[in-house]
Amino acid sequence: MTRIIAPGSALGVLGGGQLGRMFAIAARRMGYYVHTFSPDDDTPAGQVADVEVTASYDDVDALRAFARNVQVVTFEFENVPIEAVDAVEACTPVRPAGVALHTAQQRAREKTFLADHGFPTAAFARALTLDELWAGVQRVGTPAVVKTAAFGYDGKGQHIINAPADIEPVWNAIGHQEAVIERFVNLHSELSVIAARGLNGEMAEYAPFENRHRNHILDMTTAPAVVPEPTARRAIEIARAILEQLQYVGILCVEFFVTTNQELLVNEIAPRPHNSGHLTFDASITSQFEQQVRAITGLPLGSTELLRPAAMVNLLGDLWADGEPNWAAACGFPDVKLHLYGKTEPRPGRKMGHLTALGRTPAEAQERAIAARDALLI
Numbered sequence: 070m071t072r073i074i075a076p077g078s079a080l081g082v083l084g085g086g087q088l089g090r091m092f093a094i095a096a097r098r099m100g101y102y103v104h105t106f107s108p109d110d111d112t113p114a115g116q117v118a119d120v121e122v123t124a125s126y127d128d129v130d131a132l133r134a135f136a137r138n139v140q141v142v143t144f145e146f147e148n149v150p151i152e153a154v155d156a157v158e159a160c161t162p163v164r165p166a167g168v169a170l171h172t173a174q175q176r177a178r179e180k181t182f183l184a185d186h187g188f189p190t191a192a193f194a195r196a197l198t199l200d201e202l203w204a205g206v207q208r209v210g211t212p213a214v215v216k217t218a219a220f221g222y223d224g225k226g227q228h229i230i231n232a233p234a235d236i237e238p239v240w241n242a243i244g245h246q247e248a249v250i251e252r253f254v255n256l257h258s259e260l261s262v263i264a265a266r267g268l269n270g271e272m273a274e275y276a277p278f279e280n281r282h283r284n285h286i287l288d289m290t291t292a293p294a295v296v297p298e299p300t301a302r303r304a305i306e307i308a309r310a311i312l313e314q315l316q317y318v319g320i321l322c323v324e325f326f327v328t329t330n331q332e333l334l335v336n337e338i339a340p341r342p343h344n345s346g347h348l349t350f351d352a353s354i355t356s357q358f359e360q361q362v363r364a365i366t367g368l369p370l371g372s373t374e375l376l377r378p379a380a381m382v383n384l385l386g387d388l389w390a391d392g393e394p395n396w397a398a399a400c401g402f403p404d405v406k407l408h409l410y411g412k413t414e415p416r417p418g419r420k421m422g423h424l425t426a427l428g429r430t431p432a433e434a435q436e437r438a439i440a441a442r443d444a445l446l447i
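Note that the numbering used here has the sequence shown beginning at 70, numbered continuously upward.
Listed below in C-alpha cells is the structure:
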C-alpha cells in the first residue's frame, strides 16, 4: 500500500525559478510546507516558500541538512547536478528519481534512451569530435540542426548546418563540446503532452497542447491543440509509455514535432512541470503543479479535464524596454489572468510572467491572450 505524505508535511524543491514558485503556491494551498534549495536568494520560488535555503549545489552537507528537514524532494529545472540529487536521495526520496533527471538533462543520453526503446525521433547522430561531427552530418544529411548535448534550453546551443562549409564554424561556435546532430524537420506544428504517474502506477494526462515559438522561446500555448484525433491519441500513448519505461513518479512533459506529412516525433522530454502547462493553473480542474504535489506525495491524481479552451502567452523582459507595462490595460480583459514571477530585473528574452486567456474556442482564447499582451504596451 502506498504511504501517503499528508498535508502538514514539508516538501523540498531543488531550484528557485518560476516553476518552483507555482509548485509552492499549489502545495501551500493544499496545506504543505515548502522548502527550496538554490545558490541564489530571494528567488521566485523562495519568495513564496516557507523556508529558502541558499547554498551551492556542490555543498553536500547543506544538501543533506536540507533533505533531512523534508519528507520528499522534487526539482524544478533539469540543470541540477546529478551529484546533488544523489546526495539528497541518500537521505530522502527524490521524485521523480535521479535516473529520469540524468536521462533528460543531456540530449545525447535522452535521444539514445528514446531510440533504444522504440520511441519515434528525428534521425540523429552523436559527435564528440570534429571528425564525428563531419561523419554525423554525412549520415543525417543536410540541412541539419546541431545541438550541444548539455545545458541547452530555449534554443541555446543550437546551430543550422546547410552545407559542409558550415561544419567547422559550428564546431567552433559550440566550443568543441559533445553535440547531437538531428535531421531538420519540416514542421506542421509542435505539441506537448503533460502527463503524471503516481507512486502506485496510476497515470493521468492532459489533452495535447499546441505550442508556438518565437526566437526559440515558447511564445504561446493553446489548449486543446487542434490536431486530428489519431495524432492526439498517439501522442498520449507515447507519453504514457515513456512514463512506464522510466518508472516515473511526478509530472513529465513530452514535446513533439508534427511533420508536414503528419508524422509524430519526440523532440525532448522535461522531467518537471513545463512552461506549456502554465495555463492549467486557470483552465483545468487540476493544475500541473497540484498534480505534481499529488504524485510525489502518494495522493490520488486529480482530474485533468479542461474547463474551457485556453491560451497562454509568455511575458518576456522585452516588454519593459520602454518602462513598466500597463498592467491595468491587460487586466481589463475579464477572461485574462495575470501571473508574474517576482523577478526584479527584466532582461530581453527573460521569462518574467505569463497571461492566460479563456475563450469559447481555442481561436478566441488566442485572440484574447494576444490582445491583452499587446495592451501592456499601450
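Using N, Cα and C, we set each Cβ at its ideal position, and we do this for glycine too.
If you're wondering where the values come from, they're calculated on a predicted model, not measured in any experiment.
Output yes or no for whether 7 Å exceeds the beta carbon distance between residue i and residue j.
i      : j      : result
Ala264 : Leu312 : yes
Phe135 : Phe106 : yes
Gly319 : Arg90  : no
Asp109 : Gly85  : yes
Asn280 : Glu259 : yes
Ile74  : Gln116 : no
Asn395 : Leu445 : yes
Thr161 : Val142 : yes
Phe326 : Leu334 : yes
Leu370 : Ala273 : yes
Ala173 : Pro340 : yes
Thr217 : Gly226 : yes
Leu409 : Ala379 : no
Met449 : Val362 : No statement about residue 449 is possible, as the shown extent of the chain runs from 70 to 447 and does not include it.
Ala352 : Leu384 : no
His257 : Thr329 : yes
Can you tell me whether residue i is helix, strand or coil according to DSSP?
i      : result
Val157 : helix
Gln207 : helix
Ser356 : coil
Thr373 : coil
Thr329 : coil
Glu147 : coil
Asp288 : strand
Ile230 : strand
Val117 : coil
Ala301 : helix
Leu388 : helix
Leu202 : helix
So the alpha helix (DSSP H) residue i belongs to, where does it begin and stop?
i      : result
Gly167 : Gly167 to Ala173
Arg178 : Arg176 to Asp185
Gly89  : Gln87 to Arg98
Asp443 : Pro431 to Ala444
Gly121 : For the sequence presented, residue 121 should be read as Glu rather than Gly. Counting along the chain, Glu121 falls outside any alpha helix (DSSP H), though it belongs to the beta strand (DSSP E) covering Val120 to Thr123.
Ala459 : With the chain covering only 70 through 447, there is no way to say anything about residue 459.
Val129 : Val129 to Arg137
Ala398 : Trp396 to Cys400
Name the DSSP beta bridge partners of residue i, please?
i      : result
Pro76  : Ser78
Gly319 : Arg266
Lys412 : BP columns for Lys412 are empty, so no partner.
Leu334 : Phe326
Val405 : Ala426
Arg252 : Ala213
Phe193 : Glu251
Ala308 : Ala308 is not bridged to any residue.
Ser258 : Val327
Leu83  : Phe106 and Phe144
Please look up how many angstroms separate the CB atoms of residue i and residue j, rounded, as I've assumed it's under 8 Å.
i      : j      : result
Val415 : Trp389 : Just to set this straight, residue 415 is Pro in the shown sequence, not Val. With 8 Å as the limit, Pro415 and Trp389 qualify as a contact, their Cβ atoms being about 4 Å apart.
Ala248 : Leu183 : That pair is no contact at about 17 Å.
Ala441 : Leu424 : 5 Å
Asp391 : Pro417 : Going by Cβ atoms, the distance from Asp391 to Pro417 rounds to 13 Å, so no, they are not a contact pair.
Ala153 : Leu88  : About 17 Å; that fails the 8 Å criterion.
Thr355 : Thr373 : 6 Å
Over what stretch of residues does the beta strand (DSSP E) that includes residue i continue unbroken?
i      : result
Ala379 : Ala379 to Leu385
Ala213 : Ala213 to Thr217
Leu427 : Lys420 to Leu427
Asn280 : Phe278 to Arg283
Tyr102 : Tyr102 to Ser107
Ala273 : Met272 to Glu274
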